[in-house]
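Beneath this line is the structure, given in structure tokens, with notes to follow.
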Amino acid sequence: MLHALSDPMRLQIVRFLWPLEQDEEAPCSAIDLAITKSTTTHHFRVLREAGVIRQVYRGTAKMNALRRGDLDALFPGLLDAILTADAARRGREDRLARSPA
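In the UniProt record's numbering, the protein residues as written are 1 to 101.
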């Protein structure tokens, strides 16, 4: 799981899915990633195989949901800690980017 969440693109996917309700799903196309389709597919596969997300087909759309309950049962508080640390890191980077040189 840690390897799956170590990549910035995969963390972006998880951040997108985080605020959704427990059983709410989002299609792959709803997550705006600035990478090729094949690379996007790779990142979703890594997350799925690590047990971070669940993917199901609904018609022709592949829907994604964060396996929050399962992850919290196995690793209590870990996903919260990772997302909190990521938010703090992004906040620091934003402040540095805005500060005059």
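Where is the CB? At the ideal position from N, CA and C, for every residue including glycine.
Please name the residue in S29, E49 and P19 whose C-alpha comes closest to that of A61.
Mapped onto the sequence shown, residue 61 falls at position 61. That would be S29, whose Cα lies nearest to the Cα of A61.
May I ask you to report which of helix, strand or coil DSSP gives P19?
What you label residue 19 is simply residue 19 of the sequence shown in a count that begins at 1. Three-state DSSP puts P19 in coil, outside helix and strand.
Cβ-Cβ distance between M63 and A26 below 9 Å
The count along the sequence shown starts at 1 and reaches residue 63 at position 63. The count along the sequence shown starts at 1 and reaches residue 26 at position 26. The answer is yes: Cβ separation under 9 Å.
Would a C-beta distance cut-off of 9 Å place I13 and H43 closer than the cut-off?
Taking the sequence shown and counting its residues from 1, one reaches residue 13 at position 13. Taking the sequence shown and counting its residues from 1, one reaches residue 43 at position 43. In contact: I13 and H43 (Cβ atoms closer than 9 Å).
Tell me the residue span of the alpha helix (DSSP H) that contains I53.
Working through the sequence shown from its first residue, we reach residue 53 at position 53. Looking at the DSSP string, I53 is not in any alpha helix (DSSP H); the run it does join, the beta strand (DSSP E), is I53 to R58.
Going by C-alpha distance, which of D86, A97, G77 and T39 is nearest R15?
Residue numbering aside, residue 15 sits at position 15 when the sequence shown is read from its first letter. Minimum Cα distance to R15 is reached at D86.
Which residue from E24, T40 and L71 puts its Cα closest to that of I31?
Residue 31 sits at position 31 when you count from the first residue of the sequence shown. For the residues E24, T40 and L71, the minimum Cα distance to I31 belongs to T40.
Under the three-state DSSP convention, the category L78 falls into:
To locate residue 78, count along the sequence shown from 1; it is residue 78. Looking at L78 - three-state DSSP - the assignment turns out to be helix.
Just mark I35 as buried or exposed, buried being the case when its beta carbon has 16 or more other beta carbons within 10 Å.
Residue numbering aside, residue 35 sits at position 35 when the sequence shown is read from its first letter. The residue in question, I35, is exposed, as its Cβ has fewer than 16 Cβ neighbours within 10 Å.
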